[in-house]
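Data first, discussion second: the structure below is written as structure tokens.
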Amino acid sequence: MTPPPAIKSQPQYQPLAFDSTGNFHVFAGHAEGVRRVRKFISTLSTPSTQVHLVHPGATIQETLAALKIVLEASHMGLRLYLAGPEDFLWQAARLAREFGLSADEMKLEHCGTLARPVYCVHCDHVTPDVRTNLVTCPGCGRTLFVRDHFSRHLSAYMGFQIDAETPGIVPAVEEVYP
Amino acid sequence: MNGEIPVLVREVRPLAPDIKEFCLAREDGQALPPFSGGSHILVALPLGERTHLNAYSLTGDGEAGDYRIAVRREIKSRGGSHFMHDEVRPGHKLCISHPVNLFSLSRTARHHILVAGGIGITPILAQVRQLKRLGASFEVHYAYRNPDQGAFADQLKDLAGPAAHFTIDSLGQFIQFPALLANRALGTHLYICGPTGLRDAAFTAARSLGWPTSHLHSEQFLHPLKGKLFQVSLAKSGRELSVSPDTSLLEAIESAGVAAPYLCRGGACGQCETEVLEAEGEFLHHDVYLTEAEKASRRKIMPCVSRFEGKCLILNL
Numbered sequence: 000m001t002p003p004p005a006i007k008s009q010p011q012y013q014p015l016a017f018d019s020t021g022n023f024h025v026f027a028g029h030a031e032g033v034r035r036v037r038k039f040i041s042t043l044s045t046p047s048t049q050v051h052l053v054h055p056g057a058t059i060q061e062t063l064a065a066l067k068i069v070l071e072a073s074h075m076g077l078r079l080y081l082a083g084p085e086d087f088l089w090q091a092a093r094l095a096r097e098f099g100l101s102a103d104e105m106k107l108e109h110c111g112t113l114a115r116p117v118y119c120v121h122c123d124h125v126t127p128d129v130r131t132n133l134v135t136c137p138g139c140g141r142t143l144f145v146r147d148h149f150s151r152h153l154s155a156y157m158g159f160q161i162d163a164e165t166p167g168i169v170p171a172v173e174e175v176y177p
Numbered sequence: 000m001n002g003e004i005p006v007l008v009r010e011v012r013p014l015a016p017d018i019k020e021f022c023l024a025r026e027d028g029q030a031l032p033p034f035s036g037g038s039h040i041l042v043a044l045p046l047g048e049r050t051h052l053n054a055y056s057l058t059g060d061g062e063a064g065d066y067r068i069a070v071r072r073e074i075k076s077r078g079g080s081h082f083m084h085d086e087v088r089p090g091h092k093l094c095i096s097h098p099v100n101l102f103s104l105s106r107t108a109r110h111h112i113l114v115a116g117g118i119g120i121t122p123i124l125a126q127v128r129q130l131k132r133l134g135a136s137f138e139v140h141y142a143y144r145n146p147d148q149g150a151f152a153d154q155l156k157d158l159a160g161p162a163a164h165f166t167i168d169s170l171g172q173f174i175q176f177p178a179l180l181a182n183r184a185l186g187t188h189l190y191i192c193g194p195t196g197l198r199d200a201a202f203t204a205a206r207s208l209g210w211p212t213s214h215l216h217s218e219q220f221l222h223p224l225k226g227k228l229f230q231v232s233l234a235k236s237g238r239e240l241s242v243s244p245d246t247s248l249l250e251a252i253e254s255a256g257v258a259a260p261y262l263c264r265g266g267a268c269g270q271c272e273t274e275v276l277e278a279e280g281e282f283l284h285h286d287v288y289l290t291e292a293e294k295a296s297r298r299k300i301m302p303c304v305s306r307f308e309g310k311c312l313i314l315n316l
């Protein structure tokens, strides 16, 4: 029995690979991604003036603030390498996009938890770090089903009310994104 | 042709010794369709036994209305530009295609650098108009041979003010791309339309500075190669054709009544990519679309601009 086709929007990840067409390489990681980028940098033979590791903060926000400072001082020729959970990857990618970086200037490697950021289509709230198939939206209280459909623009997976037609009747909660 | 529109030439204006501007309007008085900067139309030119389709960029601001194109009289020509210069007068009827844009502006760019060489100013002009309308950040560099060739320099000065820069070859001025493109803000895009040498210089400098391909845009209208007569077989339609020296492979296929897909007719867009079933001879690839590997594979050809020399060529058409 062949598995159903993956939803096209669901991100597919590759291990980090060095892009020698760039001339300044910026690395940023979170959680398990920190060790990943440090290890990757140690394998490079590129001059250290062309490589920069963004200081890993205690939180995603801290790391993003440090990344922003680097991007503000950078020019065309930069390549960005990101590793960590999806919450981090896509918030960092969105920040990079605001600076005008295109997909061929970024590499994303998913490390560690499968937890997802979930966007509530009813109230626009994004809930980070969701490990279950259902989540209660902190913005509006609805019980959301977490889909595989992903928006790069919103940097989150789609969540919609699971019991809109059958109020109160919801499936069992399972930890599907440990 | 894709979607023909019958038009009348409303006005013909000389812009330089060898450049004329043509203003085209619909015969029935309705507005021609709006378009985005960088778009071109195909104009059907009756040359001898066959109709040639020549691509010309639209120079206007994209609003629905009349179209303006500028045509340089080419020395080495298959007759299209000569026809436009020598035969076409106000009141002349022509058939044009709907606008097609293979050279559009990035909507996520934070700054646009536009470079025009010679008659390549035509799509750039429309892009400048669009960027002004959007209030976007841009600069434009116009390189031309000598002062009497600066057909659009005045228009560009009015449109772009200090954002416009001019270099004239005959005065020893040339665009220095490494300096122009160094230390540019993230999110800058480069657009260039002009001779191959200019484009190659620009892209070489950009790549060595680490610019990614997605930020490098160019428009080239390659002409079909002239060459020796060769034979081609079309497997699906069961036809045998001769491609004469000054006819492109695509034109020969069309003359035989076989409808082959196409779009730009200039070797850039990929729409006419044709599968080669069998080939004994040499491919003369003249496109900028196929990769080196694809060209070497002998399994693909772009009939709009490329040719073949040899004993046998069978296409899956």
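Going line by line, the protein sequences match chains A and B. Quick note on numbering: numbering that gives the first Met the number 0 labels position 153 of the first sequence as 152, and the sequence is numbered without any gaps. Quick note on numbering: numbering that gives the first Met the number 0 labels position 4 of the second sequence as 3, and the sequence is numbered without any gaps. Glycine included, every Cβ here is placed at the ideal spot set by N, Cα and C. Since the structure is predicted, the reported quantities are computational estimates derived from the model, not experimental observations.
Buried versus exposed call for residue i [16 or more other C-beta atoms within 10 Å across all chains shown]
i      : result
M0/A   : With a pLDDT of 44 at M0/A, under the threshold of 50, the predicted position of this residue should be treated as unreliable, though the coordinate-derived value follows. By the 10 Å Cβ count, M0/A comes out exposed.
F82/B  : buried
V175/A : exposed
C119/A : buried
C311/B : exposed
I120/B : buried
G171/B : exposed
S241/B : exposed
Y12/A  : exposed
I74/B  : exposed
S19/A  : exposed
N182/B : exposed
K19/B  : buried
Where the alpha helix (DSSP H) through residue i begins and ends
i      : result
R93/A  : 85-97
V114/B : Looking at the DSSP string, V114/B is not in any alpha helix (DSSP H); the run it does join, the beta strand (DSSP E), is 110-116.
P177/B : 176-180
T195/B : 195-207
E86/B  : 79-86
A259/B : Here A259/B belongs to no alpha helix (DSSP H), and DSSP marks it neither H nor E.
Boundaries of the beta strand (DSSP E) in which residue i is found, first to last residue
i      : result
V172/A : No beta strand (DSSP E) contains V172/A, which DSSP labels as neither H nor E.
L133/B : Careful: L133/B lies outside any beta strand (DSSP E), inside the alpha helix (DSSP H) at 120-133.
K310/B : 306-314
I68/B  : 66-71
Q29/B  : Q29/B -> no beta strand (DSSP E), and no H or E assigned at all.
A15/B  : 4-15
E250/B : Counting along the chain, E250/B falls outside any beta strand (DSSP E), though it belongs to the alpha helix (DSSP H) covering 248-254.
K92/B  : 92-95
Q11/A  : Note, Q11/A: premise wrong, no beta strand (DSSP E); not H, not E.
Contact with chain B by residue i, beta-carbon distance below 7 Å
i      : result
M0/A   : Only weak support exists for where M0/A lies, its pLDDT of 44 falling under 50; the value from the coordinates is given anyway. Not an interface residue.
F98/A  : yes
N132/A : no
H152/A : no
N101/A : As written in the sequence, residue 101/A is Ser, which differs from the Asn given in the question. Closer than 7 Å: yes.
H51/A  : no
H24/A  : no
S73/A  : yes
Pair within 7 Å by beta-carbon distance, residue i and residue j
i      : j      : result
F102/B : G37/B  : yes
A27/A  : A91/A  : yes
S73/A  : L189/B : no
F23/A  : G76/A  : yes
G138/A : H148/A : no
A65/A  : H51/A  : no
Y141/B : L155/B : yes
S213/B : S101/A : yes
T142/A : D128/A : no
D6/B   : L93/B  : Sequence inspection shows Val at residue 6/B; the Asp mentioned does not correspond to that position. It is a contact, given that the beta carbons lie within the stated cut-off.
I40/B  : P98/B  : yes
L221/B : G266/B : yes
A95/A  : R35/A  : no
F34/B  : L57/B  : yes
T187/B : H110/B : yes
H84/B  : R72/B  : yes
Any C-beta of chain A under 7 Å from that of residue i
i      : result
P177/B : no
K19/B  : no
S35/B  : no
R106/B : no
G186/B : yes
P211/B : yes
L23/B  : no
L130/B : no
L57/B  : no
Below-7 Å beta-carbon distance, residue i vs any chain C residue
i      : result
L133/B : You won't find chain C in this structure, because its protein chains are A and B.
(message) For a minimum of 3 consecutive residues, which ranges assigned as the beta strand (DSSP E) are wholly contained in the stretch 261-292 of chain B?
(response) For the stretch 261-292 of chain B, whole beta strand (DSSP E) runs of length 3 or above, ordered along the chain, are 273-283.
(message) I'd like the ranges of any alpha helix (DSSP H) spanning at least 4 consecutive residues and lying wholly in the stretch 15-100 of chain A.
(response) Counting whole runs of 4 or more residues, the stretch 15-100 of chain A contains the alpha helix (DSSP H) stretches 31-41, 59-71, 85-97.
(message) I'd like the ranges of any beta strand (DSSP E) spanning at least 3 consecutive residues and lying wholly in the stretch 97-127 of chain A.
(response) Listed in chain order, the complete beta strand (DSSP E) runs (minimum 3 residues) inside the stretch 97-127 of chain A are 105-109, 115-119.
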